[in-house]
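Numbering (this note's numbering), first residue to last: 548 to 656.
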């Protein structure tokens with residue numbers, strides 16, 4: 548399998564604001580509990596929004612250049628989707644790895 552070169556992080560705007568002010572993202576919420584930062588391939592982002600963020604407001608989808616994260620990225624399955632590989636980051640994500648971002652006012656229910 549060829550792994551994508553970019554991934555997305557979906558997070559509340561408040562966490563994006565912190566990332567912007569500190570220049571790095573160390574994870575939040577579920578990331579801290581899991582001991583890695585949950586990411587999604589670009590092709591997975593819309594499905595993740597639908598499954599896990601239905602009705603959520605004020606989100607940001609950040610597109611990340613995985614080559615900037617080096618060996619901290621591992622492609623692994625998730626209990627909810629055991630047949631799908633997701634990128635997980637076992638380290639911080641510097642602002643220099645961010646390619647772009649987009650705001651989502653509200654995810655449809």
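Virtual Cβ for every residue (Gly too), placed ideally from N, Cα, C.
Tell me which residue opens and which closes the beta strand (DSSP E) that residue i is part of.
i: residue 615; result: Taken as a continuous stretch (DSSP letters only), residue 615 belongs to no beta strand (DSSP E), as it is neither H nor E.
i: residue 513; result: Any property of residue 513 remains undetermined from this structure, which presents the chain solely from 548 to 656.
i: residue 633; result: 628–636
i: residue 551; result: It is not in any beta strand (DSSP E) - residue 551 carries neither H nor E in the DSSP assignment.
From this set, the options, which residue's C-alpha is nearest residue i's C-alpha?
i: residue 552; options: 650, 654, 646; result: 646
i: residue 634; options: 654, 590, 651; result: 590
i: residue 641; options: 622, 593, 616; result: 616
i: residue 643; options: 655, 620, 650, 566; result: 566
i: residue 558; options: 581, 607, 648, 650; result: 607
i: residue 585; options: 621, 649, 648, 656; result: 621
i: residue 574; options: 599, 636, 651; result: 636
Report, in whole angstroms, the separation of the C-beta atoms of residue i and residue j, which I expect to be a contact under 8 Å.
i: residue 597; j: residue 653; result: So it is not a contact: roughly 13 Å between Cβ atoms.
i: residue 601; j: residue 656; result: 5 Å
- Query: Is there contact here, the region 627–635 with the region 561–574, by at least three beta-carbon pairs under 8 Å?
  - Reply: Because the criterion of three Cβ pairs below 8 Å is not met, the region 627–635 and the region 561–574 do not touch.
- Item | In chain order, each alpha helix (DSSP H) run of at least 4 residues that lies wholly inside the region 561–630 | Correct list: 577–581, 592–599.
- Counting pairs of beta carbons, one from the region 600–620 and one from the region 553–564, are three or more of them closer than 8 Å? A contact is defined here as three or more CB-CB pairs under 8 Å, and the region 600–620 meets this definition with respect to the region 553–564.
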